[in-house]
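Chemist:
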Amino acid sequence: MEFQDKNLKCIDCGAEFVFTAGEQLFFHDKQFKNEPKRCKPCKAKRASMLGTATPGSYPKVETRTVCSQCGKETTVPFKPTQGRPVFCRECFQSKRSSAASA
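Note that our numbering has the sequence shown beginning at 48, numbered continuously upward.
This is the structure in structure tokens:
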């Protein structure tokens with residue numbers, strides 16, 4: 048199957064963008080049924096608003112929370128899961144080193 052570049056219109060900003068033959072081949076190989084609806088800048092903006100990463104850009108997530116062990120306020124580089132303990136750097140390091148020596 049031969050693909051040719053197509054001009055599409057972004058549903059967010061209305062700008063025209065090119066859906067390249069290579070991208071079409073990728074979509075075909077992955078069995079995607081729909082063409083892209085957004086240009087790359089709008090797709091990246093939407094991904095950052097939704098908190099998802101796009102290839103090549105991985106937004107750093109930092110969450111303020113309280114250490115489950117010492118009660119000190121801290122920042123962690125992930126979104127904590129409810130019901131799981133979260134530790135500050137010092138408590139995490141001491142817990143890690145005591146587990147390694149056991």
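Glycine included, C-beta positions come from ideal geometry on N, C-alpha and C.
1. Rounding to the nearest angstrom, what Cα-Cα distance links E82 and E63 in this structure?
2. Do S115 and F139 have their C-beta atoms within less than 8 Å of each other?
3. Which partner residues does F64 have in the DSSP bridge list?
4. For K80 and F74, what's the separation of their Cα atoms in angstroms?
5. Let me know the secondary structure DSSP gives E82 once reduced to three states.
Modeler: Put simply:
1. Their backbone Cα atoms lie some 14 Å apart in a straight line.
2. Going by C-beta atoms, S115 is not nearer than 8 Å to F139.
3. Checking the DSSP bridge columns, you'll see F64 partnered with L55.
4. In a straight line, the C-alpha of K80 is about 8 Å away from that of F74.
5. If DSSP states are grouped into helix, strand and coil, E82 belongs with coil.
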